[in-house]
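Residue numbers (my numbering): 1 to 237.
Ideal Cβ positions, reconstructed from N, Cα and C, are used throughout, including at glycine.
Written out below as structure tokens is the structure these notes cover.
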Amino acid sequence: MNKKDQLFAGKAKTVYTTDDPTRLILHFRNDTSAFDGEKIEQLDRKGMINNKFNAFIMQKLEEGGVATHFDKLVSDDESLVKNLEMLPIECVVRNISAGSLCRRLGVEEGQDLNPPTFEFFLKNDPLHDPMINDSHIISFNWATEDEIAQMKELTFKVNTILKALFKDAGMLLVDYKLEFGRFEGKLLLGDEFSPDGCRLWDAETRNKLDKDRFRQGLGGVVEAYEEVAGRLGVKLD
Ligand code: TMP
Ligand code: ASP
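So this is what it looks like as structure tokens:
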């Protein structure tokens, strides 16, 4: 599959067309962004780690019955994926309170959430990804009722699969963000699953092993991502 033209450059990935209009190539760059692009730095090896980490997770999700856009790795930092019509929506499930939930609701970080919460956000950096609800999605025609139901069901299914996977590797899946898109009449999981888009804590010490290390200037960002990959058995080199 040959890479053709650059279609779109996001904050951390660039999307290319291929010979096949139904397929795209995702290039995972070293750029690391926080606060909707306000803080951006290059972190050596991050693109490669996230590409391989994402491939590993997408395969686990497929095995667990979640259909994804992922086809295969094509290089250290590139993957071949299906060309989805992406919905402009971010789906967030939280198992433990952290991040914007604490800021918005004034609750302490680290509380177990039973049952886990589900939130929709509009994918819009200039507006800082505002929280939206089902009613906004329907009124603005961002997705159908059926797609809303599927996004919720699939995002919780991902939680069941990944909470267990991370628990077995000594980690807590605190929260994560997923994006979905349409492909041949079906809703598939798109974008990526990596430590850039989720929170992972060591189960014993509750040390942060995700992009909060970058957001909060804690250092050791790539080392933490490598630690997570190593614990899961993701092959990096
Ligand atoms: P939040 O606490 O900032 O709302 O984020 C919740 C989770 O979703 C966290 O794991 C980070 C992830 N996330 C992204 O990766 N990108 C985004 O644009 C947003 C809003 C959240
Ligand atoms: N993904 C967003 C950004 O890159 C938000 C965040 O992760 O803080 O700016």
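query	result
CA nearest to the CA of G230, picked from F166, L189 and V74	F166
Extent of the continuous beta strand (DSSP E) run through D14	The sequence as given places Thr at residue 14; Asp does not occur at that position. Start and end: K13 to T18.
Three or more C-beta pairs below 8 Å linking the region 183 to 201 and the region 53 to 65	yes
Beta-carbon spacing of H27, T14 below 8 Å	yes
Contact check, V221 vs L43, beta carbons under 8 Å	yes
With 16 other Cβ atoms within 10 Å as the buried cut-off, status of G217	exposed
F120 and N133 closer than 8 Å at C-beta	yes
Assigned secondary structure, Q6 (DSSP; H/G/I helix, E/B strand, else coil)	strand
E85 versus R182: straight-line alpha-carbon distance, rounded	5 Å
With 16 other Cβ atoms within 10 Å as the buried cut-off, status of S139	exposed
Run of the beta strand (DSSP E) containing A34, from where it starts to where it stops	D31 to A34
Contact set for M171: own chain, Cβ-Cβ below 8 Å, skip 5 residues either direction	L200, W201, D202, A203, L209, V228 and R231
The region 61 to 81 / the region 155 to 163 touching (three or more Cβ pairs under 8 Å)	yes
Any non-hydrogen atom of ligand 1 within 7 Å of S100 CB	yes
DSSP three-state assignment for H136, whether helix, strand or coil	helix
Cα-Cα separation, T144 to D168	36 Å
Euclidean distance between Cα positions of G47 and V92	23 Å
From S135, R29, L236 and M58, residue whose alpha carbon lies closest to that of G10	R29
Segment limits, beta strand (DSSP E) that includes V174	M171 to L178
Residue range of the unbroken alpha helix (DSSP H) whose run includes L162	E145 to D168
CA-to-CA distance, L173 to R206, given in whole angstroms	11 Å
8 Å Cβ cutoff met for E123 and I96	Reading off the sequence shown, one finds Lys at residue 123, where the question assumed Glu. Taking 8 Å as the Cβ cut-off, K123 and I96 do not qualify as a contacting pair.
Where N291 falls: helix, strand or coil (DSSP)	The displayed coordinates of the chain run from 1 to 237. Any statement about residue 291 would go beyond what the structure contains.
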